[in-house]
Structure formats: structure tokens, C-alpha cells
Amino acid sequence: MEAYFWINTSMNWRTNVSTSYYFVSTPMSWDDAQKYCRANNTDLVTVENETVNSELLNISDNRSWIGLRHETNHWYWSNGDPVAYTNWIHNFSCAGETCPEAGREEEGKESGTEGRNFECWQYDG
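Numbering follows full-length UniProt numbering, in which position 107 of the sequence shown is assigned residue number 107; successive positions increment by one, without gaps.
Shown next, in the form of C-alpha cells:
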């Protein structure tokens, strides 16, 4: 069973030193959001550290897809990176299908088919 995750954020373009984050306010499934990001930017956003997490969370409280996936007890980012940074609730463990979404106010797993806004990123070099 795959799990797809969202993060609370809202923005148009937000840029740090080498990465731009783009908020798309057209609700899509997780798979369609990933296809859109890959065609127009780089991929769904990867939250690799507290700085990126804080930046994205402080923009707004709209829920949107990010690139975190869970398959067969394995966490990974849609760009293939392993999950090194997490900001889950204290003592969180994921067994089977009891995995949370990333978010400010809710924990829960989404099927990935629900239409949500989403966050893309682009490497600026």
C-alpha cells in the first residue's frame, strides 16, 4: 500500500539560495501533481531539513501535496532521495497503514487520489 503526503503551505514562488518552491493552486491527485511538477519544474517538494520545513510551513496553512511516499515499510522522496529529516509527532512509528500525512493540524494517511494543491521545487543552480 502506498501512502501520499501533504504539507500545509501556500505560495507562488519562494526562493532560497539555490532552490525555488512553486505552489500550484490547481487541485490534482498526488500522481498527477508529480507529473505536472516533473513536466514544468523538477519534482514535488522534498523537505530535507528544518529550514525548508519552517519556510514552507510559515507561508500559509493551505494543505498541499509534497513528494514524501511510503511503500512496503520504506520511506522515500519522489525524487529518489532517502528520508533523512523527519518532523513527526513525538514517539511516532509507522506500521502498515497507520502512517501520517505531513501537516500542521492533522495526522492521517491519504490515498493519493484526493485533489489537493501541491508544491513543486526547481533547482536554480
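Where a beta carbon is used, it is the ideal one built from N, C-alpha and C, also for glycine. This structure is a prediction, so every number in the text was calculated from the model and none was measured.
Output needed for residue i: all residues of its chain with C-beta closer than 6 Å, excluding positions within five of it in sequence on either side, in chain order.
{"i": "Ser25", "result": "Asn117"}
{"i": "Cys37", "result": "Asp43, Leu44, Cys120"}
{"i": "Thr113", "result": "Ser29"}
{"i": "Glu48", "result": "Tyr85"}
Quick one: using the 10 Å Cβ neighbour count with 16 as the cut-off for buried, is residue i buried or exposed?
{"i": "Glu119", "result": "buried"}
{"i": "Tyr85", "result": "exposed"}
{"i": "Ser54", "result": "exposed"}
{"i": "Ala33", "result": "buried"}
For the alpha helix (DSSP H) holding residue i, just list the boundary residues, first then last.
{"i": "Ser54", "result": "50-57"}
Within its chain, find whatever has a CB closer than 7 Å to the CB of residue i; leave out the 5 residues flanking it on each side and keep chain order.
{"i": "Trp77", "result": "Thr46, Gly67, Leu68, Val83"}
{"i": "Asn41", "result": "Tyr22, Cys120, Trp121, Gln122"}
{"i": "Gly115", "result": "Pro27, Met28, Ser29"}
{"i": "Asn79", "result": "Asp43, Thr46, Gly67"}
Can you tell me where the beta strand (DSSP E) holding residue i begins and where it ends?
{"i": "Asn117", "result": "116-123"}
{"i": "Tyr22", "result": "19-28"}
{"i": "Ser64", "result": "63-71"}
{"i": "Tyr76", "result": "74-77"}
Please go through the same chain and pick out, in chain order, the residues whose beta-carbon is closer than 8 Å to the beta-carbon of residue i, but skip the five residues on each side of it.
{"i": "Asn12", "result": "Low confidence applies to Asn12: its pLDDT is 45, below 50, so where it sits in the model is not reliable enough to give any reading."}
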